[in-house]
Amino acid sequence: MNKLVLGNILYRPLRTAISLFAVAVEVIMILSVVAIMVGIVQGAAHQTSGIGADIIVQPPNASFITSVGGAPVPAKVADALAKLPHVAVSSPVAVDLNLSGAVQSIDGIDFTTYNALRPFQFLSGGRFTRPNSIIVDNVYARAHGTSVGGVVRLMNHQFRVCGIVEHGKGARIFMPLDTLTALMGSPGNASVFYIRSTNSKYQQAIIDEIHSTPGLSTYKAQTLAEWMSMMTPQHLPGFNIALNSVIVIAVIVGFLVIFQSMYTAVMERTREIGILKSLGGSKFYIMNLVLREAMLVAVAGIAIGIGAAQLLRVLFAAKFPTLPYLLTFHWRLEAAGIALAGAILGALYPAWTAARKDPIDALAYE
23 MNKLVLGNIL YRPLRTAISL FAVAVEVIMI LSVVAIMVGI VQGAAHQTSG IGADIIVQPP
83 NASFITSVGG APVPAKVADA LAKLPHVAVS SPVAVDLNLS GAVQSIDGID FTTYNALRPF
143 QFLSGGRFTR PNSIIVDNVY ARAHGTSVGG VVRLMNHQFR VCGIVEHGKG ARIFMPLDTL
203 TALMGSPGNA SVFYIRSTNS KYQQAIIDEI HSTPGLSTYK AQTLAEWMSM MTPQHLPGFN
263 IALNSVIVIA VIVGFLVIFQ SMYTAVMERT REIGILKSLG GSKFYIMNLV LREAMLVAVA
323 GIAIGIGAAQ LLRVLFAAKF PTLPYLLTFH WRLEAAGIAL AGAILGALYP AWTAARKDPI
383 DALAYE
């Protein structure tokens, strides 16, 4: 049977190639959306974990994503937080999205307190020297071909790079807090506050103190570990909607192509099916033949799609190094399962049609 299946697939190479391409595109669509969204979320979580804080304090009703919501509260709240027992450092940060090129956040920081959370690892240059100075990490510098003294245009203004740091501490771009909040139209404000406790055992005591302090009680305070647990694709606004939409479109594409391919193949091989049935081939045997052919095409298309997605990962890393593209083994299996299920569904009706053919009518078919 396997020789017969393989012969049928190779007999119409163009149709087989189109089917393979459709299944591969289905897999690539799913993996690409997931890889970018998962990469963005996990990349942001990794960057935040490197700041050196162990508690995050956000304004009331703020999104768990720190770059959403602007800078709605006074930065001087950091001074009140710094006076609480067991707080070693409190640093205000304003966050804004940079939409030029790859989507990434810009952090406006008070250098002294932010650096006190965990010191920057400068590869060249140093701290801010003027209001229009910026610090960038080495990934951003390499991607944009900039160096210390270079000029970068952000938010319709020109900034001079004063330092390049090792990546992994917050954003990829840093500018003075007052500069960023002025450009955001919220001078003197902040988006989030990072706290480093004197000892990790006092984290819950600090959070309880924040919630019991007048003026701070409505602020959202949580440990970094709690915040990290929220940084999953499922908590990303619109992730499930976008992913489900892509999956539905991908499955429809794969279903229609496999359906058309297998239905046409069944119509073309009517006489062959009649011969098989006259020789004793059962309905199950005929259905198995058609479904096995569809599954073989689907498996080959899945392999091509996963390979192409891996190639895209390499291309993204070279062309867009600041845009995370994370392919996980779990989602490779998910995409493969979805594509295989779509192919089987597309082949069921043609297989059933083939199995129901009357051998006498099939042999007389012209």
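Mapping to my numbering: the sequence shown position 139 is 161, numbers consecutive. Backbone N, C-alpha and C fix where the C-beta goes; we use that ideal spot for every residue, glycine too.
- Below 8 angstroms, too few C-beta pairs join the segment 164-175 and the segment 202-212 to call them touching: fewer than three.
- Minimum Cα-Cα distance from A330 among the listed residues R354, M309, S267 corresponds to R354.
- Where G323 is concerned, the enclosing alpha helix (DSSP H) starts and stops at 305-341.
- In this structure, DSSP gives L145 an extended state, which the three-state scheme calls strand.
- Apart from sequence neighbours up to five positions away, the residues of its chain that approach I157 with a beta-carbon distance below 8 angstroms are F142, G147, R149, F150, V183, C184, G185, I186, V187, I195, F196, M197, ordered along the chain.
- Going by beta carbons, A316 and S283 fall inside the 9 angstroms limit.
- Checking the DSSP bridge columns, you'll see M197 partnered with G130.
- The segment 33-41 makes no contact with the segment 98-105, as fewer than three CB pairs between them are under 8 angstroms.
- In terms of Cα proximity to A165, the closest of H189, N154, M177 is H189.
- Runs of beta strand (DSSP E) with 3 or more residues, each lying fully within the segment 230-254, are found at 242-245, listed in chain order.
- DSSP places S113 in the strand class (E or B) of the three-state scheme.
- K242 has its alpha-carbon roughly 12 angstroms from the corresponding atom of V95.
- The C-alpha of S112 lies about 5 angstroms from the C-alpha of I217.
- About 6 angstroms separates the Cβ atoms of I360 and I52, confirming a contact at the 8 angstroms cut-off.
- By the criterion of a C-beta distance shorter than 6 angstroms, Q69 is surrounded in its chain by G192, once the five residues flanking it on both sides are discounted.
- When the beta-carbon positions are compared, V79 and V275 stay at least 9 angstroms from each other.
- For V173, the enclosing beta strand (DSSP E) has its first and last residue at 173-176.
- Taken through DSSP and simplified to helix, strand or coil, D101 comes out as helix.
- In summary, A39 is exposed, with fewer than 16 beta-carbon neighbours lying within 10 Å of its beta-carbon over all protein chains present.
- According to DSSP, N211 shares a beta bridge with P96.
- According to DSSP, Y347 shares a beta bridge with no other residue.
- Residue state for H352 is assigned as helix, using DSSP reduced to three classes.
- With contact defined as three or more Cβ pairs closer than 8 angstroms, the segment 58-68 and the segment 330-348 are in contact.
- In this structure, T245 is the residue among W374, V319, T245 with its C-alpha nearest to the C-alpha of I77.
- With respect to the 9 angstroms criterion, L334 and I131 are not classified as neighbours on the basis of their beta carbons.
- In the displayed model, F150 falls within coil according to three-state DSSP, outside both helix and strand.
- Distance check between A287 and each of G237, M252, A373, A363 places A373 closest, using alpha-carbon atoms only.
- A buried status is given to I229, since no fewer than 16 other beta-carbon atoms sit within 10 Å of its beta-carbon.
- For Y162 and A66, the gap between their C-alpha atoms comes out near 15 angstroms.
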